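**Q** Using the working numbering, the first residue of the sequence shown is number 11, and each one after it goes up by one.
Idealized CB from N, CA, C, for every residue including glycine.
These numbers come from a predicted model, not from an experiment.
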Amino acid sequence: MLMITGATGALGRLVTARLAHRDDVVIGTRAPAPGQRRVDFDDPSSLDFTGVDTLLVISAGAAEDDIVAARHEAVISAAEKAGVGHLVYTSLSGDGDHLTYALAHRWTERRLRRSTLNWTVLRNGLYAEFLAAIAAPGPDGTVAAPLGDGRLAAVAREDLADVAVRVATDPAPHAGRTYELVGEQALGGADLAAAVEGRYEPGTLAATRDAVAASGDALPFQVPMLLSTYSAIAGGFLDGTSVTDNQLRALLGRAPRSALEVYAATVR
Numbered sequence: 011m012l013m014i015t016g017a018t019g020a021l022g023r024l025v026t027a028r029l030a031h032r033d034d035v036v037i038g039t040r041a042p043a044p045g046q047r048r049v050d051f052d053d054p055s056s057l058d059f060t061g062v063d064t065l066l067v068i069s070a071g072a073a074e075d076d077i078v079a080a081r082h083e084a085v086i087s088a089a090e091k092a093g094v095g096h097l098v099y100t101s102l103s104g105d106g107d108h109l110t111y112a113l114a115h116r117w118t119e120r121r122l123r124r125s126t127l128n129w130t131v132l133r134n135g136l137y138a139e140f141l142a143a144i145a146a147p148g149p150d151g152t153v154a155a156p157l158g159d160g161r162l163a164a165v166a167r168e169d170l171a172d173v174a175v176r177v178a179t180d181p182a183p184h185a186g187r188t189y190e191l192v193g194e195q196a197l198g199g200a201d202l203a204a205a206v207e208g209r210y211e212p213g214t215l216a217a218t219r220d221a222v223a224a225s226g227d228a229l230p231f232q233v234p235m236l237l238s239t240y241s242a243i244a245g246g247f248l249d250g251t252s253v254t255d256n257q258l259r260a261l262l263g264r265a266p267r268s269a270l271e272v273y274a275a276t277v278r
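#1: For Val94 and Val272, what's the separation of their Cα atoms in angstroms?
#2: Looking at the structure shown, is Met235 part of a helix, part of a strand, or coil, going by DSSP?
#3: Tell me the DSSP secondary structure of Arg47 in three-state form.
#4: Using the Cα positions of Arg264 and Gly16, report the straight-line distance between them to the nearest angstrom.
#5: Examine the Cβ distances between the region 108 to 125 and the region 154 to 172 and report whether three or more of them are shorter than 8 Å.
#6: My assumption, with CB atoms under 8 Å, is that Leu132 sits in contact with Asp201. Please give the rounded CB distance.
#7: Suppose the cutoff is 6 Å on Cβ atoms and the five residues either side in sequence are ignored; what does the same chain contact list for Met235 look like?
#8: From the DSSP output, in three-state form, read off Gly198 for me.
#9: Using beta-carbon positions only, say whether Arg81 and Ala70 come within less than 8 Å of one another.
#10: Considering only DSSP beta bridges, list what Ser101 is partnered with.
#11: Can you find the residues in the same chain that come closer than 6 Å, C-beta to C-beta, to Val35, ignoring five residues on each side of it along the sequence?
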């Protein structure tokens with residue numbers, strides 16, 4: 011049996027949709043629908059993985075580092091106790107170490123390596139859909155995100171879902187592997203603006219920080235997370251050039267989707 015945890019997020023929903031036809035797949039979520047199993051990373055009593063051969067853990071990253079680490083520790087320990095055969099974890103691409111939210115991912119990878127489980131780590135690049143959220147054009151078509159002259163090797167979320175399904179449904183060939191999964195086309199602010207027939211006028215980090223904090227749309231810990239993303243892109247750390255073994259195309263078995271087209275479609 012394959013269980014998917016963290017299935018309520020955008021990536022999890024895509025994975026679940028691809029496997030909905032299979033009767034050997036179980037969805038684990040905090041608020042289960044009929045036929046699903048309750049799995050709450052914050053409630054150890056719900057982490058019963060009895061009978062699970064493969065566990066796909068979609069990271070619980072929307073929290074402070076100590077909370078995320080505690081959640082992942084609980085899941086991995088419960089998987090060890092239940093005798094799960096293989097755990098597949100969605101992590102963050104290796105070029106993302108400058109991001110404030112990288113620590114919990116790297117901690118989880120270390121914990122997996124010293125576990126008793128067979129494991130595979132999928133180091134996902136930042137989503138093209140996420141780029142559409144943090145670098146959307148304004149009402150006048152201006153992309154003002156503080157990306158400087160940097161570029162992002164964004165990847166379509168659909169492609170990452172396809173890879174997760176491929177690995178989780180046949181995990182044995184991928185045991186002990188860490189896969190880098192970033193886009194093949196690095197996108198800069200000017201590219202984004204051109205895709206939506208706008209213009210690129212990057213703002214400053216300080217002005218962006220003030221705007222995000224004033225909007226009320228982000229929790230306090232999320233503000234530095236977002237600003238570190240802009241900084242890492244602007245600094246040239248996420249353009250894909252430091253990823254020497256990108257496995258996205260190989261694991262897809264085809265060319266990746268156009269991240270620029272995904273960005274344009276999402277903002278529209």
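**A** With the structure as the only source:
#1: Position 84 of the sequence shown, counted from the first residue, corresponds to residue 94. Position 262 of the sequence shown, counted from the first residue, corresponds to residue 272. Rounded to whole angstroms, Val94 to Val272 spans 36 Å at the Cα level.
#2: For the purposes of this step, residue 235 is identified with residue 225 of the sequence shown, where counting begins at 1. The answer is helix: DSSP assigns Met235 an H, G or I state.
#3: Taking the first residue of the sequence shown as position 1, residue 47 is located at position 37. Note: Arg47 maps to strand in three-state DSSP.
#4: Numbered from its first residue, the sequence shown carries residue 264 at position 254. Numbered from its first residue, the sequence shown carries residue 16 at position 6. For Arg264 and Gly16, the distance between alpha carbons rounds to 27 Å.
#5: no
#6: The count along the sequence shown starts at 1 and reaches residue 132 at position 122. The count along the sequence shown starts at 1 and reaches residue 201 at position 191. Contact doesn't hold; Cβ gap of about 26 Å is too wide.
#7: For the purposes of this step, residue 235 is taken as residue 225 along the sequence shown, with counting starting at 1. So the qualifying residues of the chain are Thr110, Tyr111.
#8: Position 188 of the sequence shown, counting from 1, holds the residue named residue 198. Three-state DSSP puts Gly198 in a strand.
#9: Numbered from its first residue, the sequence shown carries residue 81 at position 71. Numbered from its first residue, the sequence shown carries residue 70 at position 60. Taking 8 Å as the Cβ cut-off, Arg81 and Ala70 qualify as a contacting pair.
#10: As a position in the sequence shown, residue 101 is number 91, starting the count at 1. Looking at the DSSP assignment, Ser101 forms a beta bridge with Arg133.
#11: Position 25 of the sequence shown, counted from the start, is the residue given in the question as residue 35. The answer, listed in chain order, is Leu12, Leu29.
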